[in-house]
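Chemist: The structure follows.
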Amino acid sequence: MLDLLEAYGFFGLQHGSAVFLGLLRSKILAATLGPFGVGIFSQANAFFTLLQGFFILGLGGSLTKMIAETRAREDYDGLNQTILTVLLAYGLLGLLFVILSAVFAEPLARFAFNSAAYWSYIIIVGLTAYAWLFYQEMLIIFRGLMQWREASLVAIVGNGINLLIMVICILLWKVWGAVLSLLLSQVVSFLLSFWLLVRSTARRHQIRFWKARPQWQVLRSLVDFAGPLTVMNLLGTLLYLTIRSQVIRQLGAEANGLYQAAYSVSYAYMGFINTAIWGYGIPKLSSLKEDVAEVVRIQNNSLRLGWLTLVPFTIALLAGREIWIPLLFSSAFLSVAPLFIWQLMGDVIFFIRMNILISMVPLEKMRNYFFEGVTYWILWTAFSVFFLNRWGIGAVIGGYFLINLIFLAFDLTIQSRVNGFRLRQDNLLMFLKGVPLTGLGYLIAQFVPSLFLRLALCSVIILVLLIWLPGEQEKRNGLAYLHQLLLRLLAPFRKQSKSNP
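Its first residue numbered 640, the sequence shown is counted upward by one per residue in the working numbering.
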């Protein structure tokens, strides 16, 4: 499990900085733009998310898988041909989407913002998605080669620079500047990642894609595999934008800003989970796809490590909501606090589902994966829109929890038969011990009125979870990893002390 700990450690550093800087960004947005401005910016960001699906077209899982497989075979010619073919094909396709977003800017603005006056935001977001595409291709190359340190370094430095860009743009141009900062941030991130790829990783893995030739066979293989992922991702982002658009139409931009407060915090830490599972799981499982027993072992390890990390964090987050919501946003956003428990519990269930389903991509069980993904998005959208007038944004957050709970039962009973996943005995014991204690923690965090008493009780529960659930070997592995990490951090200082007699 040490390689999993190392990968999660790099992803943790990456997303720890992303969470801190992202929440600082949310605080700046809330303080400078208010709920209305945050609502408009979040809708531009939601449209950006929609365009990401069109631009990347299932590339994340498929290209990571292909790079990991060519690396495992030490097929460096195939590796370079794959990279060049993808860069050219997706670059041309992305350029087409930029042109289309500019041509149809006004109707797209009416769809996303309920007003054609925001047409310039559509053009900016289209260019942002194009820059983001090339940045993501660089990160996919790093992860496919299992260069998690380089991928994390690029993201950490890029996040810091991007925050500075956003602050300057907001001070100069308010909401329009906030949207413009999305574009400038992605351009800087791409340039930084490309520089690191050429200077560091290229020599180590014989990457010379600029000397290779594109291959139609690579493109055909990519399309065959990425097709189901593309349709599912596009449908998901489109339906999610539909949910956010209905919130604006039925409840107003301010309600959308309140929902963004709950979603942005969830998105920050779930980004770590997504990156860890996809960034580690896809390349690792792709190189081991012939060994199903090893695939299941890695799934169980990932599930165990993630549970021991995510559950205590969400309990602490829920318990201290009256502290961090005003700090990160403003007191105007406290009205969403009672609903936050459903978002957190939905995230935990979603994480369990991801660990069960992740092997379907490298094992190419795409029909089942596609069916579940499409059904999930349709049901969540229908539930949210139908109950929006009755329950407000609670319909969106509560629907997220309910739909994930339903599909968890489906995944444990049906989907696990398809990909061969079986819950390991120690994980089953962990859930039997941990689920009741976790439920108690959520109840205390939600309903105990005294903030001091609530934090004290939840601290005790978190401590019990961290001591009682891990096995002795896991505790030793964790301490060994922390010791190794500390030695790495202190290495530059030790070298300096030796050089100075």
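Using N, Cα and C, we set each Cβ at its ideal position, and we do this for glycine too.
So Glu-789 is in the alpha helix (DSSP H); what residue range does that whole segment cover?
Modeler: 787-835 is the extent of the alpha helix (DSSP H) around Glu-789.
Chemist: In three-state terms, what does DSSP make of Asp-1065?
Modeler: Note: Asp-1065 maps to helix in three-state DSSP.
Chemist: Report yes if the C-beta distance between Met-705 and Pro-867 is below 8 Å; otherwise report no.
Modeler: No, these two residues do not count as a Cβ contact at 8 Å.
Chemist: Going by beta carbon distance, what residues of the same chain come within less than 8 Å of Gln-1135, once the five residues before and after it are set aside?
Modeler: Note that Gln-1135 has pLDDT 48, beneath the 50 cutoff, so the model's placement of it is unreliable and the number below is only indicative. Around Gln-1135: no qualifying Cβ.
Chemist: Please name the residue, chosen from Leu-996, Ile-882, Ile-795 and Ser-656, that lies closest to Phe-750 on a Cα-to-Cα basis.
Modeler: Per the Cα distances, Ile-882.
Chemist: In angstroms, rounded to a whole number, what distance separates the CA positions of Val-857 and Pro-922?
Modeler: Val-857 and Pro-922: Cα-Cα distance of roughly 18 Å.
Chemist: If you reduce the DSSP assignment to three classes, tell me which class Gln-682 lands in.
Modeler: Correct three-state label for Gln-682: helix.
Chemist: Need the endpoints of the alpha helix (DSSP H) that Glu-776 sits in, please.
Modeler: Run containing Glu-776: 758-783, per the alpha helix (DSSP H) assignment.
Chemist: What alpha helix (DSSP H) runs, 4 residues minimum, are completely inside the region 1027-1102?
Modeler: DSSP runs (the alpha helix (DSSP H)) wholly in the region 1027-1102: 1027-1030, 1033-1049, 1055-1058 and 1064-1086.
Chemist: How should Pro-1001 be labelled, buried or exposed, when 16 other C-beta atoms within 10 angstroms of its C-beta is the threshold for buried?
Modeler: Buried: at least 16 other Cβ atoms inside 10 Å.
Chemist: Name the two residues that bound the continuous alpha helix (DSSP H) containing Asp-714.
Modeler: Where Asp-714 is concerned, there is no enclosing alpha helix (DSSP H), given that its DSSP letter is neither H nor E.
Chemist: Report the rounded CA-to-CA distance for Met-805 versus Gly-1033, giving the unit in angstroms.
Modeler: Rounded to the nearest angstrom, the two C-alpha atoms are 30 Å apart.
Chemist: Is it right to say Thr-1052 is buried, meaning 16 or more other beta carbons lie within 10 angstroms of its own, or is it exposed?
Modeler: Burial call: exposed.
Chemist: Does Gln-889 pass the burial test, meaning 16 or more other C-beta atoms within 10 Å, or should it be called exposed?
Modeler: The residue in question, Gln-889, is exposed, as its Cβ has fewer than 16 Cβ neighbours within 10 Å.
Chemist: Among Phe-1046, Arg-847, Ile-916 and Leu-897, which residue has its Cα nearest to the Cα of Gly-678?
Modeler: Checking every option, the nearest Cα to that of Gly-678 belongs to Leu-897.
Chemist: Could you tell me the distance, in whole angstroms, from the CA atom of Val-837 to the CA atom of Phe-649?
Modeler: The alpha-carbon atoms of Val-837 and Phe-649 are separated by roughly 21 Å.
Chemist: Check this for me: beta carbons of Glu-789 and Leu-726, under 8 Å apart or not?
Modeler: No. Outside cutoff.
Chemist: Reducing DSSP to helix, strand and coil, say where Glu-1003 ends up.
Modeler: Glu-1003 falls in the coil class under three-state DSSP.
Chemist: Find the nearest neighbour of Ala-756 within the set Leu-668, Glu-745 and Ile-763, judged by alpha-carbon distance.
Modeler: Of Leu-668, Glu-745 and Ile-763, the residue nearest in Cα terms is Glu-745.
Chemist: Spatial neighbours of Ala-632 within its chain, please: C-beta separation below 6 Å, excluding the five flanking residues on both sides.
Modeler: An answer regarding residue 632 cannot be provided, because it is not within the stretch 640 to 1140 covered by the chain.
Chemist: Which residue wins for smallest C-alpha separation from Trp-981, given the options Val-931, Thr-948 and Leu-1041?
Modeler: Comparing Cα positions, the closest option is Leu-1041.
Chemist: At the level of alpha carbons, what is the spacing between Ile-667 and Ile-809?
Modeler: Approximately 9 Å between the Cα atoms of the pair.
Chemist: Could you spell out where the alpha helix (DSSP H) holding Ala-755 opens and where it closes?
Modeler: Looking at the DSSP string, Ala-755 is not in any alpha helix (DSSP H), and its letter there is neither H nor E.
Chemist: Can you find the residues in the same chain that come closer than 6 Å, C-beta to C-beta, to Gly-692, ignoring five residues on each side of it along the sequence?
Modeler: The residues are Asn-872, Leu-873 and Thr-876.
Chemist: Relative to the C-alpha of Pro-1075, which residue among Phe-773, Ile-1101, Leu-942 and Gln-1054 is closest?
Modeler: Among Phe-773, Ile-1101, Leu-942 and Gln-1054, the Cα nearest to that of Pro-1075 is on Ile-1101.
Chemist: Is it the case that the Cβ atoms of Asp-1050 and Ile-995 are separated by a distance below 8 Å?
Modeler: Yes, the Cβ-Cβ distance between Asp-1050 and Ile-995 is below 8 Å.
Chemist: Could you check whether Ala-1084 and Ile-991 sit closer than 8 Å to each other, using their CB atoms as the reference points?
Modeler: No; because the gap between Cβ atoms is not below 8 Å, this pair is not in contact.
Chemist: Got a sec? Which residues, its chain only, sit under 7 Å from Thr-869 by beta carbon, not counting five neighbours each side?
Modeler: So the qualifying residues of the chain are Leu-696 and Gly-697.
Chemist: What residue range does the alpha helix (DSSP H) around Leu-996 cover?
Modeler: Leu-996 -> alpha helix (DSSP H) spans 979-996.
Chemist: Do the CB positions of Ile-795 and Ser-656 come within less than 8 Å of each other?
Modeler: Contact flag set, yes.
Chemist: If we ignore side chains and look at the alpha-carbon of each, how far apart do Leu-978 and Asn-719 end up?
Modeler: Approximately 49 Å between the Cα atoms of the pair.
Chemist: Which residue comes first and which comes last in the alpha helix (DSSP H) that contains Thr-840?
Modeler: It is not in any alpha helix (DSSP H) - Thr-840 carries neither H nor E in the DSSP assignment.
Chemist: For the alpha helix (DSSP H) that contains Tyr-919, what are its first and last residues?
Modeler: Counting along the chain, Tyr-919 falls outside any alpha helix (DSSP H), and DSSP gives it neither H nor E.
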